[in-house]
Amino acid sequence: ACLLVLLSDDLEATEQRVKQAGGIISQAIFSFPGGRRFHFTEPSGNELAVWSPVKAYIA
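Here the sequence shown stands for residues -8 to 50, numbered as in my numbering.
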């Protein structure tokens, strides 16, 4: 399966918007080399992720 990962410059605000739109957080915000992200399931059942890079990576 393929995981679509979206980019956000404000991960916490994006997480709130996802919840308000009916998304269900399946993996809370976590850190990994290169940034932070969370996973969610949208109302149709597809899993997506939202990523925010480490600030040093943003040009």
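Ideal Cβ placement from N, Cα and C applies to all residues, glycine included.
Coarse secondary structure for Ala19, derived from DSSP in three states: Your numbering for residue 19 matches position 28 in the sequence shown. In this structure, Ala19 counts as strand in the three-state DSSP scheme.
Note down, in chain order, each residue of its chain lying with its Cβ closer than 7 Å to the Cβ of Leu(-2), except the 5 sequence neighbours on either side. Looking up residue -2 in the sequence shown gives position 7. Answer for Leu(-2): Trp42, listed in chain order.
Between Pro44, Arg8, Gln7, which lies nearest to Pro24 when the distance is taken from Cα to Cα? The residue given as residue 24 occupies position 33 in the sequence shown. Of the listed residues, the one whose Cα sits closest to Pro24 is Pro44.
According to DSSP, simplified to helix, strand and coil, what is Glu33? Sequence index remark: in the sequence shown, residue 33 carries index 42 (1-based). Three-state DSSP puts Glu33 in coil, outside helix and strand.
Please look up how many angstroms separate the CB atoms of Ile16 and Glu6, rounded, as I've assumed it's under 8 Å. As a position in the sequence shown, residue 16 is number 25, starting the count at 1. As a position in the sequence shown, residue 6 is number 15, starting the count at 1. Contact holds; Cβ gap of about 7 Å.
Kindly list the residues whose CB is nearer than 6 Å to the CB of Leu(-5), restricted to its own chain and excluding five residues on each side of it in sequence; keep chain order. Mapped onto the sequence shown, residue -5 falls at position 4. So the list reads Leu39, once near-sequence residues are dropped.
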